[in-house]
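Structure, as structure tokens:
Chains as they are written, first to last, in our numbering: chain A, 1 to 70; chain B, 1001 to 1893.
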């Protein structure tokens, strides 16, 4: 019973910690991508779900070219 | 009751005074029940009882007890008071006799008391300083008393019907109608903004009225309270005193509630963001705790502690201390900060509008040019002007004084020994010139005349150029007129200077002698800018503050002053043009145009209003009655020590010295103050937000509370203690470069972005304490046989208490700068010392009897190895995230 309770504590705290860490680190690809003209929120979600890939992609994507004023 | 509009007041005053200006004197005496000999002393006393003292009812400081109450009236003190009351009911009133505890109530009350009393003390002190400043000004007036001759009385003792004697330098003590006067010139700049003194007469001269009807200032036999005599003498009857005067009516329109400033709006919006956040999060903690632990009373008490922890209760105190510290720093630079929050508005200001006369300029006539007839600098012209001004014995006007001051600097004083005066032909307003006849040591006589250029041309038959006397031909006359007009266009007042040698050997001379003279050249006068004006404008520009001139003076003079102080004045907007614009049009124009001239007080105020509605934080600097409305409309009103009382009263900041460079100091001090306030808010808000996450996670997954309510309050108290040093912290020079203003949304973004960083390490600490340290010390996991659950929880609580304190305190160093803390930017010594002391005290508590009393168990040494590792990782993560935040939003604080 107690082992189960402690396991619940371990899994709960660990998963919360990892989720929060991912939430924080996901800002890195999001900021890089937004500086290249991409959507911050979309890239934040991308980073949160697939951080390593999002990070790699954010560094390698080309900046969006601003369309010239008419 | 509907407050009378300014237009209605002007109209009412105009009718009353214009009526008085055209009324026969005998009728005026009768109407005011007085005589040319003045009132009897007893009658004057009786009238004082009827009309009251001759004072303007402007804002008076609130009594000390009102200030004391106001010091406690802020949302955070309110929340804490509510929480203290709840705690009092739950912990004291409803608790069983053995369980009664005052700890929470006392801790919260200490926080409220500290914050409120410190705020009261600072604000009360500033208000007293401002009153002392006002008390330095003493003014009297000379009145005639029937049977008692003339006597000096306090300005406040003047009553309607008094016969007042006026002389050069006197303040006009009431709205008066002139009975008799001689060469009376009055400066109305404080009322109308005109830099030139206006001449007043003992009879109304309609010929001076401009087209389109006469205005108040065209009533040239009326003098207004608050203006002052430049030269000449007069006797006048007092028509109205105190609030019934034009001056008083303007003051009356100003006594309404001031529009909230940028600071008021900013602090209010940030406060409500924090309160809303607390109101959302605390019920979540209560629910999660109540549902998972089952003990709703404990959950409720815990939620109260969390609410206290989340309330940035030190915010009012930190804000007041920051503002007061800024005010003290400015006081050392001879600047009185009357309203504390003005210091922050000073830093937020991105546009400074300023009056011209007396603020940017010296409000003093100075000789600027001395030219021959072709416009070349010529000392002989100055020398003759000096002889004329020096030897004349009637009252020297401002221009004579300027000539003498200038000549003295060039050593012309020695002429006093080389010449003596034979006679003089005094100035009068018909011929508008004056002459002196002087005799040199060798016996040679000379008639020297100076006066208005047109009048000088009428008495000159010759002109002198490079020592050669030429006939004054029509062509030369035209050139002289063009030259004078060109100097006028540069904003100068111009006088011609002439002389003649073939003077008869007589002792008395008359106007007839002023003929066939030789025109030597011109002298030009200006109201020059203060020495520091140009440098101050440049310094403000470098710090992101645009300067705009708002003056009642004419555009020519204004343009000249702008050129001298380095302000572009290509496009000047005039008062009349402004009246024709809608607010939207004016809002667009006000962004582009830097110089506004011929403005009425209301037009000045309107420009500031539209600039504020465009989102700017606007400062206004002025010194006259005509600036009072604008001073109150602005986010920060700045005045000078020599300003009219009403301007000083309407201002937030008073400069005691003429040096305008203090404006730059004020801006930087304001930004420093704001930086330290926002630093506290962002650090505390993000830290609290992180703690919330940690507590919710603990409530959901831990079998006990991660920290006891009293431990949370103690942690909060130690953290608050560390924060008290923040007002003494440094700000990075980069932060001070641009205007800083409140942005409540940036506080929420900051909270969400950086707050959870500490939660990651809080939860890591939970895992470490629950699965490593506690089992290591107590011999097994939580709930295992032989493991003391109370000690387990006490050790756990102590572990998180210390980690939380370290992370919360170190984050002050992390977030106070966008640079790398300790290496690239170091906190001030007070912050370093106080935060270190807080950490040391908090770390030692679990090892003391107090720790045991509070339910803590000492941690083993191995815990600190883990702790240091975690803190290093925490700081690395916080550095990464703050850099990302600054990249995303442009600025960390």
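Each residue gets a CB set at the ideal place from its N, CA and C atoms; glycine is no exception.
**Request:** Would you kindly report the start and end of the unbroken alpha helix (DSSP H) that includes residue 53 of chain A?
**Result:** Here residue 53 of chain A refers to the residue found at position 53 when the first chain is read from its first residue. From DSSP, the alpha helix (DSSP H) with residue 53 of chain A extends over 51 to 60.
**Prompt:** Considering only residues of the segment 1343 to 1383 of chain B, which uninterrupted beta strand (DSSP E) runs meet the minimum length of 3 residues and lie entirely inside it, listed in chain order?
**Reply:** 1351 to 1354 and 1366 to 1372
**Item:** Within 8 Å of chain A by C-beta, residues of the segment 1749 to 1769 of chain B in sequence order
**Value:** 1753, 1756, 1757, 1759, 1760, 1763, 1764, 1766 and 1767
**Item:** Chain-ordered neighbours of residue 12 of chain A on chain B, where CB pairs are closer than 7 Å
**Value:** Locating residue 12 of chain A in the first chain gives position 12, where the first residue counts as 1. Per Cβ cutoff of 7 Å: 1700 and 1701.
**Prompt:** residue 1137 of chain B by DSSP, collapsed to three states: which one?
**Reply:** Numbered from its first residue, the second chain carries residue 1137 of chain B at position 137. Residue placement at residue 1137 of chain B is poorly supported in this model, since its pLDDT is 45, which falls under 50; the coordinates still yield a value, given next. If DSSP states are grouped into helix, strand and coil, residue 1137 of chain B belongs with coil.
**Prompt:** Hey, is the segment 1685 to 1694 of chain B in contact with the segment 1775 to 1783 of chain B, meaning 3+ C-beta pairs nearer than 8 Å?
**Reply:** no
**Span of the alpha helix (DSSP H), counted from its first residue to its last, around residue 1680 of chain B** = Position 680 of the second chain holds residue 1680 of chain B. Where residue 1680 of chain B is concerned, the enclosing alpha helix (DSSP H) stretches over 1662 to 1701.
**Message:** Please list, in chain order, the chain A residues whose beta carbon lies closer than 9 Å to that of residue 1697 of chain B.
**Reply:** Taking the second chain and counting its residues from 1, the one referred to as residue 1697 of chain B is at position 697. Result: 12, 13, 16, 17 and 20.
**Asked** Residue range of the alpha helix (DSSP H) that residue 1644 of chain B falls in?
**Response** For the purposes of this step, residue 1644 of chain B is identified with residue 644 of the second chain, where counting begins at 1. Segment: none, residue 1644 of chain B is in no alpha helix (DSSP H) and carries neither H nor E.
**Request:** Would you kindly report the start and end of the unbroken alpha helix (DSSP H) that includes residue 1978 of chain B?
**Result:** Shown here, chain B extends from 1001 to 1893; a query on residue 1978 of chain B therefore has no answer.
**Asked** Rounded to whole angstroms, how far is the Cβ of residue 1435 of chain B from the Cβ of residue 1424 of chain B, which I believe are closer than 8 Å?
**Response** Sequence index remark: in the second chain, residue 1435 of chain B carries index 435 (1-based). Sequence index remark: in the second chain, residue 1424 of chain B carries index 424 (1-based). With a Cβ gap of about 7 Å, residue 1435 of chain B and residue 1424 of chain B count as contacting.
**Item:** With 16 other Cβ atoms within 10 Å as the buried cut-off, status of residue 1849 of chain B
**Value:** In the second chain, counting from the first residue as 1, residue 1849 of chain B sits at position 849. It counts as exposed.
**Message:** Relative to the C-alpha of residue 1583 of chain B, which candidate in B:1599, B:1564 and B:1611 has its C-alpha closest?
**Reply:** Stepping through the second chain from its first residue, residue 1583 of chain B is reached at position 583. For the residues B:1599, B:1564 and B:1611, the minimum Cα distance to residue 1583 of chain B belongs to B:1611.
**Message:** 8 Å is my cut-off, CB to CB: does residue 1884 of chain B come that close to chain A?
**Reply:** As a working note, residue 1884 of chain B is residue 884 in the second chain. With 8 Å as the cut-off, residue 1884 of chain B counts as an interface residue toward chain A.
**Request:** Look up residue 1201 of chain B in the DSSP assignment and say whether it is helix, strand or coil.
**Result:** Residue numbering aside, residue 1201 of chain B sits at position 201 when the second chain is read from its first letter. Residue state, collapsed to three classes: coil.
**Prompt:** Would the segment 1293 to 1305 of chain B and the segment 1698 to 1716 of chain B be scored as touching if the rule is three or more Cβ pairs under 8 Å?
**Reply:** yes
**Request:** Taking C-beta pairs closer than 7 Å, name the residues in chain B that residue 31 of chain A reaches, listed in chain order.
**Result:** Here the question's residue 31 of chain A lines up with position 31 in the first chain. Neighbours of residue 31 of chain A on chain B, chain order: 1884, 1887 and 1888.
**Message:** In the DSSP assignment, the beta strand (DSSP E) including residue 1424 of chain B goes from what residue to what residue?
**Reply:** As a first step, residue 1424 of chain B must be located in the second chain, where it is residue number 424. Residues 1419 to 1425.
**Message:** Are the CB atoms of residue 1668 of chain B and residue 1533 of chain B within a distance shorter than 8 Å?
**Reply:** Position 533 of the second chain, counted from the start, is the residue given in the question as residue 1533 of chain B. Position 668 of the second chain, counted from the start, is the residue given in the question as residue 1668 of chain B. The answer is no: Cβ separation not under 8 Å.
**Prompt:** Name the chain B residues that come within less than 8 Å of residue 23 of chain A, Cβ to Cβ?
**Reply:** Here residue 23 of chain A refers to the residue found at position 23 when the first chain is read from its first residue. Going along chain B in sequence order, the residues near residue 23 of chain A (Cβ under 8 Å) are 1756.
**Prompt:** Once you ignore the five residues that flank residue 1725 of chain B on each side, which residues in its own chain have a CB closer than 6 Å to its CB?
**Reply:** Counting from 1 along the second chain, the entry for residue 1725 of chain B is found at position 725. Cβ within range, chain order: 1830, 1831 and 1834.
**Asked** So, do the segment 1867 to 1877 of chain B and the segment 1799 to 1816 of chain B have three or more beta carbon pairs nearer to each other than 8 Å?
**Response** yes
**For residue 1504 of chain B and residue 1174 of chain B, the rounded distance between their alpha carbons** = To locate residue 1174 of chain B, count along the second chain from 1; it is residue 174. To locate residue 1504 of chain B, count along the second chain from 1; it is residue 504. Roughly 49 Å between the two C-alpha positions.
**Message:** Considering just the uninterrupted stretch of the alpha helix (DSSP H) at residue 1335 of chain B, what are its terminal residues?
**Reply:** Here the question's residue 1335 of chain B lines up with position 335 in the second chain. Element bounds for residue 1335 of chain B: not the alpha helix (DSSP H) but the beta strand (DSSP E), 1335 to 1337.
**Message:** Taking the beta strand (DSSP E) that residue 1152 of chain B belongs to, which residues open and close that run?
**Reply:** On the second chain, position 152 is the one that residue 1152 of chain B refers to. 1149 to 1154 is the extent of the beta strand (DSSP E) around residue 1152 of chain B.
**Item:** Collapsed DSSP secondary structure at residue 1183 of chain B in the structure displayed
**Value:** Position 183 of the second chain, counted from the first residue, corresponds to residue 1183 of chain B. Here residue 1183 of chain B sits in strand by DSSP.
**Request:** Assign residue 1212 of chain B to one of two classes, buried (16 or more other C-beta atoms within 10 Å of its C-beta) or exposed (fewer than that).
**Result:** Taking the first residue of the second chain as 1, we reach residue 1212 of chain B at position 212. Residue placement at residue 1212 of chain B is flagged as unreliable, the pLDDT there being 43, under the threshold of 50; the coordinate-derived value follows with that caveat. The residue is exposed, with fewer than 16 neighbouring Cβ atoms inside 10 Å.
**Request:** Answer yes if the segment 1362 to 1369 of chain B comes into contact with the segment 1535 to 1544 of chain B, meaning at least three C-beta pairs across the two stretches below 8 Å, and no otherwise.
**Result:** no
**Request:** Identify whether residue 1884 of chain B lies in helix, strand or coil by the three-state DSSP scheme.
**Result:** Walking along the second chain from the start, residue 1884 of chain B turns up at place 884. Looking at residue 1884 of chain B - three-state DSSP - the assignment turns out to be helix.
**Request:** Report, in whole angstroms, the separation of the C-beta atoms of residue 1722 of chain B and residue 1761 of chain B, which I expect to be a contact under 8 Å.
**Result:** The sequence position of residue 1722 of chain B within the second chain is 722, counting from 1. The sequence position of residue 1761 of chain B within the second chain is 761, counting from 1. Actually they are not in contact, since the Cβ atoms of residue 1722 of chain B and residue 1761 of chain B sit about 18 Å apart, beyond 8 Å.
**Asked** Rounded C-beta distance between residue 1530 of chain B and residue 1361 of chain B? I'm assuming under 8 Å.
**Response** Start at 1 with the first residue of the second chain, and residue 1530 of chain B comes out as number 530. Start at 1 with the first residue of the second chain, and residue 1361 of chain B comes out as number 361. That belief holds up - the Cβ atoms of residue 1530 of chain B and residue 1361 of chain B are roughly 7 Å apart, short of 8 Å.
**Where the beta strand (DSSP E) through residue 1493 of chain B begins and ends** = As a working note, residue 1493 of chain B is residue 493 in the second chain. Run containing residue 1493 of chain B: 1493 to 1500, per the beta strand (DSSP E) assignment.
**Message:** Between which two residues does the alpha helix (DSSP H) holding residue 1433 of chain B run?
**Reply:** The residue given as residue 1433 of chain B occupies position 433 in the second chain. Residue 1433 of chain B -> not in any alpha helix (DSSP H); beta strand (DSSP E) instead, spanning 1433 to 1440.
**Item:** residue 7 of chain A at chain B interface by Cβ criterion, 8 Å
**Value:** In the first chain, the residue the question calls residue 7 of chain A occupies position 7. It does not: the Cβ of residue 7 of chain A has no partner Cβ on chain B nearer than 8 Å.
**Request:** Just the C-alpha distance for residue 1818 of chain B and residue 1891 of chain B, rounded to the nearest angstrom, thanks.
**Result:** By one-based count along the second chain, residue 1818 of chain B stands at place 818. By one-based count along the second chain, residue 1891 of chain B stands at place 891. Taking the straight line from one Cα to the other gives about 8 Å.
**Message:** For residue 1283 of chain B and residue 48 of chain A, I'd like the C-alpha separation in whole angstroms.
**Reply:** In the second chain, the residue the question calls residue 1283 of chain B occupies position 283. In the first chain, the residue the question calls residue 48 of chain A occupies position 48. Each residue's Cα considered, the two are about 28 Å apart.
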